[in-house]
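Beneath this line is the structure, given in structure tokens, with notes to follow.
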Amino acid sequence: MDDLYQTVDSVDCSPAMEEQERMVEAILFATAEPLTVSQIGNRMPLGCDPVTALARLVKRYEGRGVRLSRVGNSWAFRTAADLGYLMQTETVVQRRLSRAAVETLAIIAYHQPVTRTEIEEIRGVTVSRGTIDILLELGWIKLGRRRESPGRPVTFVVTPNFLDHFGLSSTRDLPGLKELRETGLLSSEPSPREDAADTGLAPVAADIDQHRMAA
Amino acid sequence: MDDLYQTVDSVDCSPAMEEQERMVEAILFATAEPLTVSQIGNRMPLGCDPVTALARLVKRYEGRGVRLSRVGNSWAFRTAADLGYLMQTETVVQRRLSRAAVETLAIIAYHQPVTRTEIEEIRGVTVSRGTIDILLELGWIKLGRRRESPGRPVTFVVTPNFLDHFGLSSTRDLPGLKELRETGLLSSEPSPREDAADTGLAPVAADIDQHRMAA
Amino acid sequence: MIYLPRTPSANRRTRARAMDSFPLDISEEHAFEDYNDGPATSETFIVDVDGYEGPLDLLLALARKQKVDLRMISVLDLANQYLQFIEHMNRNRIRLAANYLVMAAWLAYLKSRLLLPEKPTDDEIDADELAARLAFQLERLEAMRKCGTRLMASDRLGKDFFSRGCPEVAETRRHVSFTASILDLLQAYARVRTRDDFTPLGCSRNHVLTVKQALEHLRPLFRQALEWGNMLRFMPRSWLANQAHCRSATASTFAAALELAKRGQIEIRQSESFAEIQVRARRS
Numbered sequence: 001m002d003d004l005y006q007t008v009d010s011v012d013c014s015p016a017m018e019e020q021e022r023m024v025e026a027i028l029f030a031t032a033e034p035l036t037v038s039q040i041g042n043r044m045p046l047g048c049d050p051v052t053a054l055a056r057l058v059k060r061y062e063g064r065g066v067r068l069s070r071v072g073n074s075w076a077f078r079t080a081a082d083l084g085y086l087m088q089t090e091t092v093v094q095r096r097l098s099r100a101a102v103e104t105l106a107i108i109a110y111h112q113p114v115t116r117t118e119i120e121e122i123r124g125v126t127v128s129r130g131t132i133d134i135l136l137e138l139g140w141i142k143l144g145r146r147r148e149s150p151g152r153p154v155t156f157v158v159t160p161n162f163l164d165h166f167g168l169s170s171t172r173d174l175p176g177l178k179e180l181r182e183t184g185l186l187s188s189e190p191s192p193r194e195d196a197a198d199t200g201l202a203p204v205a206a207d208i209d210q211h212r213m214a215a
Numbered sequence: 216m217d218d219l220y221q222t223v224d225s226v227d228c229s230p231a232m233e234e235q236e237r238m239v240e241a242i243l244f245a246t247a248e249p250l251t252v253s254q255i256g257n258r259m260p261l262g263c264d265p266v267t268a269l270a271r272l273v274k275r276y277e278g279r280g281v282r283l284s285r286v287g288n289s290w291a292f293r294t295a296a297d298l299g300y301l302m303q304t305e306t307v308v309q310r311r312l313s314r315a316a317v318e319t320l321a322i323i324a325y326h327q328p329v330t331r332t333e334i335e336e337i338r339g340v341t342v343s344r345g346t347i348d349i350l351l352e353l354g355w356i357k358l359g360r361r362r363e364s365p366g367r368p369v370t371f372v373v374t375p376n377f378l379d380h381f382g383l384s385s386t387r388d389l390p391g392l393k394e395l396r397e398t399g400l401l402s403s404e405p406s407p408r409e410d411a412a413d414t415g416l417a418p419v420a421a422d423i424d425q426h427r428m429a430a
Numbered sequence: 431m432i433y434l435p436r437t438p439s440a441n442r443r444t445r446a447r448a449m450d451s452f453p454l455d456i457s458e459e460h461a462f463e464d465y466n467d468g469p470a471t472s473e474t475f476i477v478d479v480d481g482y483e484g485p486l487d488l489l490l491a492l493a494r495k496q497k498v499d500l501r502m503i504s505v506l507d508l509a510n511q512y513l514q515f516i517e518h519m520n521r522n523r524i525r526l527a528a529n530y531l532v533m534a535a536w537l538a539y540l541k542s543r544l545l546l547p548e549k550p551t552d553d554e555i556d557a558d559e560l561a562a563r564l565a566f567q568l569e570r571l572e573a574m575r576k577c578g579t580r581l582m583a584s585d586r587l588g589k590d591f592f593s594r595g596c597p598e599v600a601e602t603r604r605h606v607s608f609t610a611s612i613l614d615l616l617q618a619y620a621r622v623r624t625r626d627d628f629t630p631l632g633c634s635r636n637h638v639l640t641v642k643q644a645l646e647h648l649r650p651l652f653r654q655a656l657e658w659g660n661m662l663r664f665m666p667r668s669w670l671a672n673q674a675h676c677r678s679a680t681a682s683t684f685a686a687a688l689e690l691a692k693r694g695q696i697e698i699r700q701s702e703s704f705a706e707i708q709v710r711a712r713r714s
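Protein chains in written order, with our numbering: chain A, 1 to 215; chain B, 216 to 430; chain C, 431 to 714.
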């Protein structure tokens with residue numbers, strides 16, 4: 001731990017890293033909302049290095065009752081998830097989302113940016129206005145860039161708020177994302193079946209063949 | 216630090232002290248109000264020792280950016296006193312100097328050292344204390360020598376700061392009335408009474424002219 | 431969740447024992463109509479309130495019944511089951527939303543294509559490919575559904591982890607910085623000096639008794655004038671010596687008298703044009 005207490009060169013007028021760490025700690029402790037690195041930096045004296053200070057702070061709080069979490073480009077202190085049971089008084093009653101809303105949210109999170117039509121294709125039903133509205137109202141999704149395709153449809157993406165709520169550092173940390181990608185379930189088409197035998201779909205075909213023969 | 220990682224006796228069902236410390240940390244972080252020891256204890260599992268946990272936590276946060284402080288009988292995390300300045304966000308509002316202030320400043324620059332009465336005579340209106348104060352606060356004017364006349368009034372002069380702000384090397388570089396006219400900054404018709412001999416300001420103006428000639 | 435309207439017969443038993451195998455969901459109100467027809471039959475009308483959300487959802491539920499990995503699913507079996515279900519609903523005069531019927535028609539087509547070993551024409555897509563595509567859609571929907579459930583079950587802010595309970599409000603300090611340019615400065619000075627140049631335009635006030643002055647002079651005097659008297663008698667004495675002063679004083683005194691009359695403090699009278707103007711204090 002001695003290295004934490006390094007002192008600055010006399011020529012360097014910026015505060016010692018140890019001191020910068022304290023500053024970031026104080027700034028983040030004081031807010032409930034995640035702050036971006038530049039927001040943090042703006043509140044520190046000139047010449048500070050919030051990124052390094054943050055990295056050190058993350059380490060310091062590892063395993064503690066409070067953790068320093070990354071939320072997209074921002075940072076926030078959050079209590080450790082395993083201690084949630086102690087916070088009954090603080091627990092916010094979570095609004096129960098309809099199945100349609102949960103599915104739509106998952107589709108947006110895993111497929112983003114995604115158009116309404118694409119959501120409908122995946123779900124096989126039209127997306128009711130209310131579903132999108134609820135997600136927008138919760139601040140979990142927002143409009144992304146318009147798709148550069150005929151009609152320039154709007155797209156939806158998840159927000160930093162979504163990441164914060166679900167304790168994700170980035171959308172790359174979505175559970176199961178890698179497997180979904182590997183199995184091709186995030187593409188809009190079934191994976192090409194060059195050799196049907198080695199895809200998961202082969203049995204379907206084989207099965208059909210059996211039926212055909214039976215018929 | 217090893218003692219922190221003590222494990223509980225198998226007969227003792229209470230969590231390890233290290234764990235209790237984490238609990239207190241999370242509880243005090245998430246709560247909106249300072250909590251008393253018994254309030255903290257009530258939230259923890261049976262058999263916990265909030266007093267010891269608190270004491271250890273106080274120590275842990277010693278010298279950090281946040282401190283665990285006692286508020287009456289209760290406990291709360293608070294920003295370390297020396298970092299309070301970080302909790303302020305500064306917004307700089309650029310405001311144009313009032314007409315009265317600019318005029319007063321101009322008169323001081325052209326006629327320095329000048330008394331308040333003289334400024335008023337030139338402007339034809341009284342100069343409010345606030346106007347002078349703003350200029351003093353901006354560091355553009357300062358008190359000069361007292362005038363050796365009845366009442367020994369204070370005089371005002373411009374500062375190096377003033378010269379710096381307006382990019383002047385000396386007040387003598389300020390264009391004279393005639394030049395102002397020639398450059399169109401003074402749009403009025405030349406007055407027949409060019410020398411303004413009947414105003415109390417004549418000597419001052421003459422003085423400046425002399426300076427200018429000398430330069 | 432959509433709860434069906436309650437009818438007097440609680441725990442309504444209607445037809446469709448087969449419903450046991452089709453946990454029927456009412457997802458959208460228009461999805462299944464006329465379900466209330468013929469409540470006399472004794473069979474249970476099971477309504478799963480969790481609701482199917484469209485034909486794909488129903489298909490997925492049916493596919494799950496095959497109890498195999500979705501990748502191993504028999505699309506043909508699935509098509510059969512779906513068509514059976516639709517038929518069943520029709521038999522019970524339960525009208526289905528159009529999209530269920532569209533799916534039924536498509537599946538019937540797919541089934542025929544799968545069963546008939548004829549080669550597809552050029553513009554037709556291979557039936558196996560169609561089947562694979564359907565399987566893919568089901569698998570994808572299932573995956574998204576699982577992701578949603580997993581997401582909702584994950585640690586969540588305000589439930590499993592918490593933000594700072596008493597954030598300290600960052601105080602915003604407004605720092606006002608005044609600016610002025612050299613141009614402002616020069617123009618200001620020019621303005622001030624120009625004003626100076628123009629002062630001579632004002633006329634000299636040395637020979638004028640202002641109305642204000644006249645008022646101040648007259649007010650105490652008039653108060654004592656209980657009887658009618660010539661107004662000119664009340665003029666300030668010092669202004670009478672000089673002709674110009676006297677004229678100014680007369681005019682101002684007259685104006686002041688009118689003002690006082692207007693305020694109801696004095697009365698004025700004049701018997702005829704150019705006659706003496708008389709004033710007296712107003713009697714209350």
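The beta-carbon is built from N, C-alpha and C at its ideal position, and this holds for glycine as well.
Just so you know, these numbers come straight off a predicted model, no measurement behind them.
Mark G694 (chain C) as exposed unless 16 or more other C-beta atoms lie within 10 angstroms of its C-beta, in which case mark it buried.
Within the third sequence, residue 694 (chain C) is the residue found at index 264, counting from 1. Result: exposed.
Could you check the C-alpha separation between S703 (chain C) and V638 (chain C) for me, to the nearest Å?
The count along the third sequence starts at 1 and reaches residue 703 (chain C) at position 273. The count along the third sequence starts at 1 and reaches residue 638 (chain C) at position 208. Cα-Cα distance, rounded: 26 angstroms.
Proximal residues of chain C, C-beta to C-beta of L185 (chain A) below 7 angstroms
Numbered from 1 along the first sequence, position 185 holds the residue referred to as residue 185 (chain A). The answer, in chain order, is E569, R570 and A573.
Along chain A, which residues have their Cβ under 8 angstroms away from the Cβ of F592 (chain C)?
The sequence position of residue 592 (chain C) within the third sequence is 162, counting from 1. Near F592 (chain C) (Cβ distances below 8 angstroms), the residues of chain A are R78, T79, G84, M87 and E90.
Which of the three DSSP states is assigned to N660 (chain C) in this structure?
Your numbering for residue 660 (chain C) matches position 230 in the third sequence. N660 (chain C): strand per DSSP, three-state reduction.
To the nearest angstrom, report how far apart K495 (chain C) and N510 (chain C) are at their CA atoms.
Reading the third sequence from its first residue, position 65 is the one you call residue 495 (chain C). Reading the third sequence from its first residue, position 80 is the one you call residue 510 (chain C). Going from the Cα of K495 (chain C) to the Cα of N510 (chain C) covers about 13 angstroms.
Within 10 angstroms of the Cβ of Y218 (chain A), are there 16 or more other Cβ atoms? Answer buried if so, exposed if not.
This structure cannot speak to residue 218 (chain A), because chain A is shown only from 1 to 215.
Residues of the stretch 274-286 of chain B with a CB closer than 9 angstroms to any CB of chain C: list them in chain order, please.
Per Cβ criterion, the list is empty.
Where do the ends of the beta strand (DSSP E) carrying R282 (chain B) lie?
Here residue 282 (chain B) corresponds to residue number 67 of the second sequence, with the count starting at 1. It spans V281 to V286 - the beta strand (DSSP E) in which R282 (chain B) sits, taken as one unbroken run.
Does Y512 (chain C) come within less than 8 angstroms of chain A when only Cβ atoms are used?
Counting from one through the third sequence, the residue named residue 512 (chain C) turns up at place 82. It does not: the Cβ of Y512 (chain C) has no partner Cβ on chain A nearer than 8 angstroms.
Using a Cβ-Cβ distance cut-off of 8 angstroms, determine whether I612 (chain C) contacts chain B.
Locating residue 612 (chain C) in the third sequence gives position 182, counting from the first residue. Yes, its Cβ sits closer than 8 angstroms to a Cβ of chain B.
In chain C, which residues lie with their C-beta within 8 angstroms of the C-beta of E431 (chain B)?
Only positions 216 to 430 of chain B appear in this structure, which leaves residue 431 (chain B) out of reach.
Is it buried or exposed, V154 (chain A), if we count other Cβ atoms within 10 angstroms and call 16 or more buried?
Translated into the one-based positions of the first sequence, residue 154 (chain A) becomes position 154. Label assigned to V154 (chain A): exposed.
Could you give the distance in angstroms between the alpha-carbon of V182 (chain A) and the alpha-carbon of A295 (chain B)?
Here residue 182 (chain A) refers to the residue found at position 182 when the first sequence is read from its first residue. Here residue 295 (chain B) refers to the residue found at position 80 when the second sequence is read from its first residue. Here residue 182 (chain A) is Glu; the residue named in the question, Val, does not match the sequence. Roughly 49 angstroms between the two C-alpha positions.
Within 10 Å of its beta-carbon, does Y539 (chain C) have 16 or more other beta-carbons around it, so buried, or fewer, so exposed?
Here the question's residue 539 (chain C) lines up with position 109 in the third sequence. With a 10 Å radius around the Cβ and a threshold of 16 neighbouring Cβ atoms, Y539 (chain C) comes out exposed.
Rounded distance between the beta-carbons of S169 (chain A) and R70 (chain A), thought under 8 angstroms:
The count along the first sequence starts at 1 and reaches residue 70 (chain A) at position 70. The count along the first sequence starts at 1 and reaches residue 169 (chain A) at position 169. About 4 angstroms separates the beta carbon of R70 (chain A) from that of S169 (chain A), a gap short enough to meet the 8 angstroms contact definition.
C-beta atoms of C596 (chain C) and A106 (chain A) nearer than 8 angstroms
Position 166 of the third sequence, counted from the start, is the residue given in the question as residue 596 (chain C). Position 106 of the first sequence, counted from the start, is the residue given in the question as residue 106 (chain A). Contact flag unset, no.
Is M434 (chain B) close to chain A, meaning its C-beta is less than 8 angstroms from at least one C-beta of that chain?
Chain B is shown from 216 up to 430; residue 434 (chain B) falls before or after that span and cannot be answered.
Just to confirm the assignment, what range does the alpha helix (DSSP H) spanning K589 (chain C) have?
As a first step, residue 589 (chain C) is located in the third sequence; it is residue number 159 there, counting from the start. No alpha helix (DSSP H) contains K589 (chain C), which DSSP labels as neither H nor E.
In or out: G280 (chain B) buried (at least 16 other Cβ within 10 Å) or exposed?
Counted from its first residue, the second sequence places residue 280 (chain B) at position 65. So G280 (chain B) counts as buried.
Where does R310 (chain B) fall in DSSP's three states?
Within the second sequence, the letter at position 95 stands for residue 310 (chain B). In the structure shown, R310 (chain B) sits in a strand (DSSP, three-state: E or B).
Based on the DSSP secondary-structure assignment, which residues constitute the bridge partners of I707 (chain C)?
Taking the first residue of the third sequence as 1, we reach residue 707 (chain C) at position 277. BP columns for I707 (chain C) point to C:Q700.
E103 (chain A) and M574 (chain C) closer than 8 angstroms at C-beta:
What you label residue 103 (chain A) is simply residue 103 of the first sequence in a count that begins at 1. What you label residue 574 (chain C) is simply residue 144 of the third sequence in a count that begins at 1. A distance below 8 angstroms separates the beta carbons of E103 (chain A) and M574 (chain C).
Quick check: what's the CA-CA separation for E233 (chain B) versus F29 (chain A)?
Within the second sequence, residue 233 (chain B) is the residue found at index 18, counting from 1. Within the first sequence, residue 29 (chain A) is the residue found at index 29, counting from 1. Note on geometry: alpha-carbon atoms of E233 (chain B) and F29 (chain A) lie some 21 angstroms from one another.
Does T251 (chain B) come within less than 8 angstroms of chain A when only Cβ atoms are used?
One-based indexing of the second sequence puts residue 251 (chain B) at position 36. Residue-level contact check: T251 (chain B) does not touch chain A, since none of the beta carbons of chain A fall below 8 angstroms from its beta carbon.
DSSP bridge partner residues for W290 (chain B) (one or two, in chain order):
Stepping through the second sequence from its first residue, residue 290 (chain B) is reached at position 75. In DSSP, W290 (chain B) forms a bridge with B:L250 and B:R285.
For the stretch 319-343 of chain B, which residues have a CB atom closer than 9 angstroms to at least one CB atom of chain C, in sequence order?
The residues in question are T319, L320, A321, I322, A324, Y325, I337, R338 and G339.
Taking the alpha carbon of Y110 (chain A) as the point to measure from, which residue in C:R570, C:A557, C:R523 and C:A644 has its own alpha carbon closest?
Along the first sequence, one-based indexing puts residue 110 (chain A) at 110. For Y110 (chain A), the nearest C-alpha among the options comes from C:R570.
Would you call N672 (chain C) buried or exposed, if buried means 16 or more other Cβ atoms sit within 10 Å of its Cβ?
By one-based count along the third sequence, residue 672 (chain C) stands at place 242. Counting Cβ neighbours within 10 Å, N672 (chain C) comes out exposed, since fewer than 16 surround it.
Given R123 (chain A), which residues of its chain have a CB within under 8 angstroms of its CB, disregarding the five upstream and five downstream residues?
As a first step, residue 123 (chain A) is located in the first sequence; it is residue number 123 there, counting from the start. Cβ neighbours of R123 (chain A) beyond the five flanking positions: A100, E103, T104 and I107.
Note down, in chain order, each residue of its chain lying with its Cβ closer than 8 angstroms to the Cβ of L35 (chain A), except the 5 sequence neighbours on either side.
Stepping through the first sequence from its first residue, residue 35 (chain A) is reached at position 35. Its chain contains I27, L28, S74, W75 and A76 as the residues whose beta carbon lies nearer than 8 angstroms to that of L35 (chain A), once the 5 sequence neighbours on both sides are disregarded; these appear in chain order.
Grab me the residues of T683 (chain C)'s own chain with a C-beta within less than 7 angstroms of its C-beta, minus the 5 sequence neighbours each way, in chain order.
Against the third sequence, residue 683 (chain C) aligns to sequence position 253. Excluding residues within five positions, the ones whose Cβ falls inside 7 angstroms are A644, L648, M661, F664 and M665.
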